[in-house]
Structure formats: C-alpha cells, structure tokens
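What follows is a set of notes on a single structure, which appears directly below.
In this note's numbering, the protein residues as written are 3 to 268.
Written out as structure tokens, the structure is:
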C-alpha cells in the first residue's frame, strides 16, 4: 500500500502591528509601563501591602469636523492642479488654428461656488477656540476631546473621574457609577466591558500607612459622549475641562502624560 508524507506548508506569521503602525510606534511606551508595573508588584509583595483597585471613566467627545488636511497633501493637490493646467494649456497650443472645437473652460473657483450658496459656511475656528474656553466642547472640532476634573486638593489635582471599585460590581459598573457621581447622568455609551488600559502608582509613605495599601491600580474605561450638560459634584471637584490628547501634559505628570498620549485616540 502506498503511503504519502504530507507536509504542511510553512507560512510566516503576520504580526497584528503591521496593520496598525501606531500600535507598533507605541510599543516602547507599553513595554516601559509593563516594566514599571512589574517593579511595583515586587515592591508591594515585599511590603506585604495590597492594592487599591480603581475604576476611571474617560468620557470622549468625538470629532465633529473632518480633520485638517496635512501640509503634504495640500502641496500635492496644488502640484496636481498646476500639472493639469499646464497639460490643458499645452493641448490648446497644439490644437490652435485647427478645426477642432474646444469648449472653453469656465469652471467657477471655490470662492465663486461658496458665494452662490444660500448660507454662509461657518468657520472651523470657533469663539471657544479663540477664547481657549476649555469648559466648552465647541473647540478643536476636528479632534477628540476628553473630560477631566479637578479635585479639591493641592497635589495631582487633575484626573479623569475615578473611584474605588466595590466588590459587588464590575469595573465597568464602577466607571459608570463614578461618571454619574462626578458630572451627572449624561447620555453616553461605554465602548466595551474591558478597560482600554490601566496604570499603577505607589502612594506616599504616609498614605500607605494610613490606608494599609501600597498604591492604586487604575483601570480606564472609555465612553462616547452623546448629549447632556455637565453637573459637577462640587463637594469633590472644583473645576472640569475638555482637553485634547495634545494637552494632557498640561494636566498630568510627565509619566502619566506619556502613557495617555499613547493610550488616547486623536
């Protein structure tokens, strides 16, 4: 009886990071954060102290305008228009004096088209942009904005709405509860039951002794803002702001800002 030796063709495994180059670019930050978390874990175990588990809500106002065209794309469009105009003129020069009937170009310009509209297009720069009103969502309309709140304390005042996880709830339910407590019951949609990321930090020694805990593990849950007005919990917070990813360095310490810059969509 004949036998056959069938060998499976070896295929190269495709890395998921090839489809998402921004993930690959952020790998050093992810690896750095992973090392920091491992160091904290070892120290916490050595001290025999548990962690405080915290759920945080990242309320996301999606962009409402198309993104600005990058300079290279605007330069490319300008170059293509110049080439097309030269080719059109060269064709006219070659056919000049012949019986070829060429329809004259009478294409209106962009400004002429706008002038015929029954309304005046709004500017992409809003009054909130000009005033740098960070309590308003009517700014940076082509970018994402995220809600941060200011705690009534002296250090590390700005944060995403966050609070302690309770044993009878999931971490997402913690994020939902804290969001409602901090800024009111807004109409929003949580993206997933899984956190989009987490961050570990150690408490100062005085607080470690007071709480009998090493530090906090903060799990971030992102939700899409739909509508509703902010009703700030003034017993805990003194202010709030809608900030872009490029502005996180103004509100968080350098390590957290670096992590959030890799974590948040633009």
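The beta-carbon is built from N, C-alpha and C at its ideal position, and this holds for glycine as well.
Which residues DSSP lists as bridging residue i, in chain order
i: residue 56; result: 166, 220
i: residue 192; result: 225
i: residue 161; result: 151
i: residue 61; result: 225
Contact set for residue i: own chain, Cβ-Cβ below 6 Å, skip 5 residues either direction
i: residue 243; result: 136, 150
i: residue 230; result: 188, 189
i: residue 46; result: 216
Sequence-distant residues of the same chain with beta carbon closer than 7 Å to residue i, five excluded per side
i: residue 228; result: 189, 190, 191
i: residue 263; result: 247, 250
i: residue 66; result: 143
i: residue 99; result: none
i: residue 128; result: 140, 141, 143
i: residue 108; result: none
i: residue 88; result: none
Residue range of the beta strand (DSSP E) that includes residue i
i: residue 152; result: 147-153
i: residue 243; result: 239-245
i: residue 199; result: 199-204
Sub-7 Å separation of residue i and residue j beta-carbons
i: residue 220; j: residue 201; result: yes
i: residue 68; j: residue 163; result: no
i: residue 222; j: residue 258; result: no
i: residue 144; j: residue 70; result: yes
i: residue 233; j: residue 165; result: no
i: residue 154; j: residue 240; result: yes
i: residue 218; j: residue 116; result: no
i: residue 193; j: residue 213; result: no
i: residue 44; j: residue 261; result: no
i: residue 203; j: residue 51; result: no
i: residue 267; j: residue 138; result: no
i: residue 179; j: residue 235; result: no
i: residue 245; j: residue 148; result: yes
i: residue 210; j: residue 62; result: no
Endpoints, the alpha helix (DSSP H) within which residue i is located
i: residue 78; result: 73-97
i: residue 129; result: 129-133
i: residue 46; result: 29-49
i: residue 179; result: 173-185
i: residue 139; result: It is not in any alpha helix (DSSP H) - residue 139 carries neither H nor E in the DSSP assignment.
i: residue 211; result: 207-213
i: residue 261; result: 256-265
i: residue 156; result: Looking at the DSSP string, residue 156 is not in any alpha helix (DSSP H), and its letter there is neither H nor E.
i: residue 114; result: 112-117
Cβ neighbour criterion (16 or more within 10 Å) applied to residue i
i: residue 254; result: buried
i: residue 181; result: buried
i: residue 64; result: exposed
i: residue 76; result: exposed
i: residue 168; result: exposed
i: residue 174; result: buried
i: residue 141; result: buried
i: residue 40; result: exposed
i: residue 176; result: buried
i: residue 265; result: buried
i: residue 160; result: buried
Within-7 Å CB hit, residue i to chain B
i: residue 45; result: Given the protein chain composition of this structure (a single chain), no chain B is represented.
Own chain partners of residue i with C-beta closer than 8 Å, once the 5 adjacent residues on each side are dropped
i: residue 195; result: 172, 174
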